[in-house]
Amino acid sequence: MQFAPPQISKAQRPLWQSGYFWAVMLLQLIPVTRFLAVMLGDRYTYIDDATQHIFWMWQFTDPNRFRGDLMADYFIAQMPPGVYGLYWAASFLISPVVFNKILPVLLGIGSAVLLFLLAERLFNDRRVAFWATLVFVLQLWTTDDLSTGIARSFAYPLFLGFLYTLCRGWRWAVLGCLVLGCVFYQPVVVLALAVLTFVLIPGVAPEFQFNSRLWRRHLWLLIVGTLICAAILVPGQLIDGPFGPILTKAEALTDPALLDGGRNEMFVADPLRYWITSKRTGLGLTLMHPLCVLPALLVPVLRWRYGSRLSSLKGWSGWVTLLGRVFWASLATYVLAQLVLLHLYHPNRYVSFSVPIVGALFSGVAIAALLELCPRPWAGWSRTTLTAVLCLALLLAHLPLWPMGLRVGQYNQIYDFLRAQPATTRLASHPSEAGNLPLLTGLPVVASMEGALAWHPTYYRAMEQRLWETLNAFYTPSPQVLADYVERYKVDLFVVPLYRLSSPSRARLGLFVPFAGRARALVEANLAAGAKPVLQQLAEAQPLIQQEIQDGGLRDVMAIVPAQTIYQRAGR
78 MQFAPPQISK AQRPLWQSGY FWAVMLLQLI PVTRFLAVML GDRYTYIDDA TQHIFWMWQF
138 TDPNRFRGDL MADYFIAQMP PGVYGLYWAA SFLISPVVFN KILPVLLGIG SAVLLFLLAE
198 RLFNDRRVAF WATLVFVLQL WTTDDLSTGI ARSFAYPLFL GFLYTLCRGW RWAVLGCLVL
258 GCVFYQPVVV LALAVLTFVL IPGVAPEFQF NSRLWRRHLW LLIVGTLICA AILVPGQLID
318 GPFGPILTKA EALTDPALLD GGRNEMFVAD PLRYWITSKR TGLGLTLMHP LCVLPALLVP
378 VLRWRYGSRL SSLKGWSGWV TLLGRVFWAS LATYVLAQLV LLHLYHPNRY VSFSVPIVGA
438 LFSGVAIAAL LELCPRPWAG WSRTTLTAVL CLALLLAHLP LWPMGLRVGQ YNQIYDFLRA
498 QPATTRLASH PSEAGNLPLL TGLPVVASME GALAWHPTYY RAMEQRLWET LNAFYTPSPQ
558 VLADYVERYK VDLFVVPLYR LSSPSRARLG LFVPFAGRAR ALVEANLAAG AKPVLQQLAE
618 AQPLIQQEIQ DGGLRDVMAI VPAQTIYQRA GR
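Counting in the working numbering, the sequence shown runs from 78 upward without gaps.
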């Protein structure tokens, strides 16, 4: 079961002796070393999504942490079993928080190797494979899909592994990739089955005709793969998890959390944002690196103008149809996800990793072809000096200075103090500031905006109630109201950002609809009444620890207030 790309010449050197392969692997060290230097240089650096998906993994090294915590229980329930198992196994050797910083590098290197192998298989030209992989590396490290180290970071290696084994005709390996997709990242499975379906349409290769032996073998692969994936995935879809079913589209259309300005903004009024730029519902075209798009658009022109005179364009009928099927399968699954919105996760997930792969492969062809067209005076050194200059210029000019999605915890003294507390300590902080505390300290918080995901109504209503009560507690001038909050949620320590309690404009920063308006209104009401929140009074007069930083010329102060002082103020 093998498509029509030409076979690799037996006279060609093995991969491990290929200068093109090792050159692109060495060039990948530029973003890799930069990423590791930043992420491992400070223990309080993290990628944004880790505050949702990784924080609870402190349990792997200390089972007493996050026991019975609402947010931890929710995100554990949403974690794919493969990702869970990988982090659990790694926890015997390294902290899950540190492993989260290293895993993207391993996945990135593996993805680059697979793309090089795929490009070589399709084009029989290692120059094309070199340029395609270089463009792909740029795409990997200029978005946060890889750097998060969570389930979606596995999309690239899983899908590339599927395409490569499919091209090689390794049926059992294809089925293995589908199984891995089921346990690591399910959108890959849906897209892979769509690709298998589209490849059944005759025309992929001359010998791939309807009802031919090759066609029937491929149909067998599709049927068996579908049955295996259904056996793994369907039981979990039929049984509601601990937080009930996902919300319906009708519920989502009226939920402020999913509308403009909401925490899970999805149904925006601007059609351009909804269909093109959104990371949830759009095609995500703005997230593609320009080199994945612009050179690829030149391929039809180069094909029309130069035909088979350029070695980079040979084998056109063998590989372009397969890549075309991948592209159309991506669009088809995107449309399907729009039709059954929320039941196949976000529609964008079906184009966000497959289309850049196709774009990088086409761009590799275009760049290699353009270099073939270099004038003869350049030909003597274009393979060495020109290539080296182009590679370094592309990498240095296009790679971000900092990893995408990078966050740095600024209150090191606060975090150090909290890390020294017992594992059962429970925190409360302003909802906009509480998001990184569980990840950086290993302690649970009552509520945070980071944890307020609206996809499951049972969970979100509980979290929404906590957010309202936490806002009221932070801004209340009544010791009794604050003491009631402490008793209800068993709070031990308050982490108080003083700058959030006295400024209407800064109170709403980091909050989403409808909580932002509520925070501003509470501050304005206190100012009008000449009242000061109890937590502000205690944080200024009786903090356990206080740290001040300068942020953009503004003075920010964070303080820790023990619950015991609140009981004393309330006379209890």
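The beta carbon of each residue, even a glycine, is placed where N, CA and C say it ideally should be.
Inset, instruction - Take every Cβ of the region 233-241, pair it with every Cβ of the region 183-190, and state whether three or more of those distances are shorter than 8 Å. - result: Segments in contact, yes.
Inset, instruction - Kindly give me the distance between the Cβ atoms of Leu-615 and Val-600, rounded to whole angstroms, as I take these residues to be in contact under 8 Å. - result: Along the sequence shown, read from residue 1 onward, the residue named residue 615 stands at position 538. Along the sequence shown, read from residue 1 onward, the residue named residue 600 stands at position 523. Actually they are not in contact, since the Cβ atoms of Leu-615 and Val-600 sit about 17 Å apart, beyond 8 Å.
Legend entry - Cut-off 8 Å between Cβ atoms - residues of its own chain near Phe-494, not counting five sequence neighbours on either side: For the purposes of this step, residue 494 is identified with residue 417 of the sequence shown, where counting begins at 1. Closer than 8 Å at the Cβ level, and outside the excluded window around Phe-494, lie Leu-621, Ile-622 and Ile-637.
Legend entry - Contact between the region 543-555 and the region 160-180 (3+ Cβ pairs under 8 Å): no
Legend entry - Three-state secondary structure (DSSP) of Pro-639: Here residue 639 is taken as the residue at index 562 of the sequence shown, counted from 1. Here Pro-639 sits in strand by DSSP.
Inset, instruction - Enumerate, from N- to C-terminal direction, the unbroken beta strand (DSSP E) stretches of 3 or more residues contained entirely within the region 516-550. - result: none
Inset, instruction - Could you tell me the distance, in whole angstroms, from the CA atom of Ala-308 to the CA atom of Tyr-411? - result: Position 231 of the sequence shown holds residue 308. Position 334 of the sequence shown holds residue 411. Distance between the alpha carbons of Ala-308 and Tyr-411: 23 Å.
Inset, instruction - Return the CA-CA distance between Gln-487 and Lys-178, expressed in angstroms with no decimal places. - result: Translated into positions along the sequence shown, residue 487 becomes position 410. Translated into positions along the sequence shown, residue 178 becomes position 101. Approximately 18 Å, taken between the alpha carbons.
Legend entry - Neighbourhood of Leu-324 by C-beta distance below 6 Å, restricted to the same chain and skipping five residues each side: Translated into positions along the sequence shown, residue 324 becomes position 247. Answer for Leu-324: Pro-534, listed in chain order.
Inset, instruction - Going by CA-CA distance only, name the one from Val-403, Leu-408, Tyr-383 and Arg-646 that's closest to Val-272. - result: If you number the sequence shown from 1, residue 272 lands on position 195. It is Val-403 whose Cα lies nearest to the Cα of Val-272.
Legend entry - Close-in-space but distant-in-sequence residues of the same chain around Arg-426 (CB under 8 Å, 5 per side omitted): In the sequence shown, counting from the first residue as 1, residue 426 sits at position 349. The residues Arg-229, Ala-232, Pro-264 and Ala-414, in chain order, have a CB closer than 8 Å to that of Arg-426 in the same chain once the five nearest residues on each side in sequence are set aside.
Legend entry - Where Val-378 sits in the DSSP three-state scheme: As a first step, residue 378 must be located in the sequence shown, where it is residue number 301. Val-378 falls in the helix class under three-state DSSP.
Inset, instruction - Can you give me the Cβ contacts of Pro-508 inside the same chain, cut-off strictly under 7 Å, excluding the 5 residues immediately before and after it? - result: For this step, residue 508 is matched to residue 431 along the sequence shown. Ala-524, Ser-525, Met-526, Leu-544, Thr-547, Leu-548, Leu-588 and Phe-592, listed in sequence order.
Inset, instruction - Assign Thr-331 to buried or exposed, taking buried as 16 or more other Cβ atoms, counted over all protein chains shown, within 10 Å of its Cβ. - result: Against the sequence shown, residue 331 aligns to sequence position 254. Exposed, since its Cβ has fewer than 16 Cβ neighbours within 10 Å.
Inset, instruction - Quick one: using the 10 Å Cβ neighbour count with 16 as the cut-off for buried, is Gly-361 buried or exposed? - result: Mapped onto the sequence shown, residue 361 falls at position 284. Buried, since its Cβ has 16 or more Cβ neighbours within 10 Å.
Inset, instruction - Would you kindly work out how many angstroms separate the C-alpha atoms of Leu-104 and Leu-211, rounded to a whole number? - result: Residue numbering aside, residue 104 sits at position 27 when the sequence shown is read from its first letter. Residue numbering aside, residue 211 sits at position 134 when the sequence shown is read from its first letter. Approximately 8 Å between the Cα atoms of the pair.
Inset, instruction - Taking only the alpha-carbon atoms, compute the straight-line gap between Gln-216 and Cys-369 and give it to the nearest angstrom. - result: Walking along the sequence shown from the start, residue 216 turns up at place 139. Walking along the sequence shown from the start, residue 369 turns up at place 292. Cα-Cα distance, rounded: 7 Å.
Legend entry - Ala-346 vs Arg-340 beta-carbon contact at 7 Å: Here residue 346 refers to the residue found at position 269 when the sequence shown is read from its first residue. Here residue 340 refers to the residue found at position 263 when the sequence shown is read from its first residue. No. Outside cutoff.
Inset, instruction - Look at the alpha carbon of Ala-166 and the alpha carbon of Gly-226, and state the distance between them as a whole number of angstroms. - result: For the purposes of this step, residue 166 is identified with residue 89 of the sequence shown, where counting begins at 1. For the purposes of this step, residue 226 is identified with residue 149 of the sequence shown, where counting begins at 1. For Ala-166 and Gly-226, the distance between alpha carbons rounds to 15 Å.
Inset, instruction - Please indicate yes or no: does the CB of His-130 lie closer than 6 Å to some heavy atom of the ligand FAD? - result: The ligand FAD is absent from the structure shown, which contains no ligand whatsoever.
Legend entry - the region 313-323 touching the region 496-514, judged by at least three CB pairs closer than 8 Å: no
Legend entry - Nearest-angstrom Cα separation, counted from Leu-299 out to Thr-274: Here residue 274 refers to the residue found at position 197 when the sequence shown is read from its first residue. Here residue 299 refers to the residue found at position 222 when the sequence shown is read from its first residue. Between Thr-274 and Leu-299, the C-alpha separation is close to 7 Å.
Inset, instruction - Drop a sphere of 10 angstroms on the beta-carbon of Asn-603, count the other beta-carbons inside from all chains shown, and report buried for 16 or more, exposed for fewer. - result: Numbered from its first residue, the sequence shown carries residue 603 at position 526. It is buried - the Cβ of Asn-603 has at least 16 other Cβ atoms within 10 Å.
Inset, instruction - Out of Ala-329, Arg-577 and Cys-259, state which residue places its alpha-carbon closest to the alpha-carbon of Pro-157. - result: In the sequence shown, counting from the first residue as 1, residue 157 sits at position 80. The option with the nearest alpha carbon to Pro-157 is Cys-259.
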